[in-house]
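Peer 1: Quick one: this structure, given as structure tokens, is what I'll be asking you about.
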Amino acid sequence: MVYRREALRFQCTGCGSCCIGDGTVAVTDGEAERIRAFLGVSRAWFRRRYLVRLSGSGRGIRLGEDGRCSFLGRDGRCRVYPVRPVQCRTYPFWPELVASRRAWLEEGRFCEGIGRGPAVPAARIQALLRSALRARSPDPTGGS
Numbered sequence: 176m177v178y179r180r181e182a183l184r185f186q187c188t189g190c191g192s193c194c195i196g197d198g199t200v201a202v203t204d205g206e207a208e209r210i211r212a213f214l215g216v217s218r219a220w221f222r223r224r225y226l227v228r229l230s231g232s233g234r235g236i237r238l239g240e241d242g243r244c245s246f247l248g249r250d251g252r253c254r255v256y257p258v259r260p261v262q263c264r265t266y267p268f269w270p271e272l273v274a275s276r277r278a279w280l281e282e283g284r285f286c287e288g289i290g291r292g293p294a295v296p297a298a299r300i301q302a303l304l305r306s307a308l309r310a311r312s313p314d315p316t317g318g319s
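Counted the way this note's numbering counts, the sequence shown spans residues 176 to 319.
Right, here's the structure in full:
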């Protein structure tokens with residue numbers, strides 16, 4: 176992991192680039208419920224408007240045809256920032272992005288916050304990595 180050998184700098188600029196793409200934003204039932212409550216909409220409307228089924232029993236946030244997250248406002252800001260999913264809260268400190276210097280620099284081509292700001296402490300990166308990995312691991316009890 177590159178962060179063990181060198182300091183990684185990151186400061187979000189709020190550009191919204193990480194909220195546009197061809198990937199998936201997975202959400203747990205708990206995350207979906209927090210977002211729904213934050214928006215103050217009914218469960219049925221929230222599911223129809225904002226969620227999609229993923230493989231297995233997973234759910235994700237619906238992306239527009241242009242790849243924009245449903246919660247990315249026209250101003251480029253996240254409309255559900257205080258309750259955003261773990262996947263969003265831990266970006267760009269995902270295992271595949273901090274695995275090597277090359278991966279980190281490559282992601283910097285898409286994220287203008289990479290390489291900016293103060294160095295992020297290794298302990299903070301490790302905590303974010305643990306959160307990201309827990310979010311990706313299925314819950315053996317069947318819950319979320």
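For glycine and all other residues, C-beta sits at the position ideal for the given N, C-alpha and C.
By Cβ distance, which residues of its chain are closer than 6 Å to Leu-247, with the 5 residues on each side in sequence left out?
Peer 2: Gly-191, Cys-194
Peer 1: Check each candidate in Cys-244, Trp-269, Gly-288, Arg-259 and name the one with the smallest Cα separation from Tyr-178.
Peer 2: Trp-269
Peer 1: Compute the Euclidean distance between the alpha carbons of Ala-297 and Gly-283, then round it to the nearest angstrom.
Peer 2: 19 Å
Peer 1: Span of the beta strand (DSSP E) holding Gly-290?
Peer 2: Start and end: 289-295.
Peer 1: Residues in the same chain with beta-carbon distance under 8 Å from Leu-226, minus the five sequence neighbours each way, listed in chain order, please.
Peer 2: Val-202, Ala-207, Arg-234, Gly-235, Ile-236, Arg-237
Peer 1: Is it right to say Arg-305 is buried, meaning 16 or more other beta carbons lie within 10 angstroms of its own, or is it exposed?
Peer 2: exposed
Peer 1: By DSSP's criteria, Ala-278 is part of a beta bridge. Which residues make up the other side?
Peer 2: According to DSSP, Ala-278 bridges with nothing at all.
Peer 1: Assuming Gly-251 and Phe-185 make a contact with CB atoms under 8 Å, what is their CB distance in whole Å?
Peer 2: About 18 Å separates the two Cβ atoms, so there is no contact after all.
Peer 1: Count the other CB atoms, across all protein chains shown, that sit within 10 Å of the CB of Trp-220; report buried if there are 16 or more and exposed otherwise.
Peer 2: The residue in question, Trp-220, is exposed, as its Cβ has fewer than 16 Cβ neighbours within 10 Å.
Peer 1: May I ask you to report which of helix, strand or coil DSSP gives Arg-264?
Peer 2: helix
Peer 1: In angstroms, rounded to a whole number, what distance separates the CA positions of Gly-317 and Arg-211?
Peer 2: Legend: pLDDT at Gly-317 = 42, less than 50; position of this residue unreliable, no value from coordinates given.
Peer 1: To the nearest angstrom, report how far apart Thr-188 and Gln-262 are at their CA atoms.
Peer 2: 18 Å
Peer 1: Please classify Arg-228: does DSSP put it in a helix, a strand, or coil?
Peer 2: strand
Peer 1: Beta carbon of Arg-264, beta carbon of Leu-214: below 9 Å?
Peer 2: no
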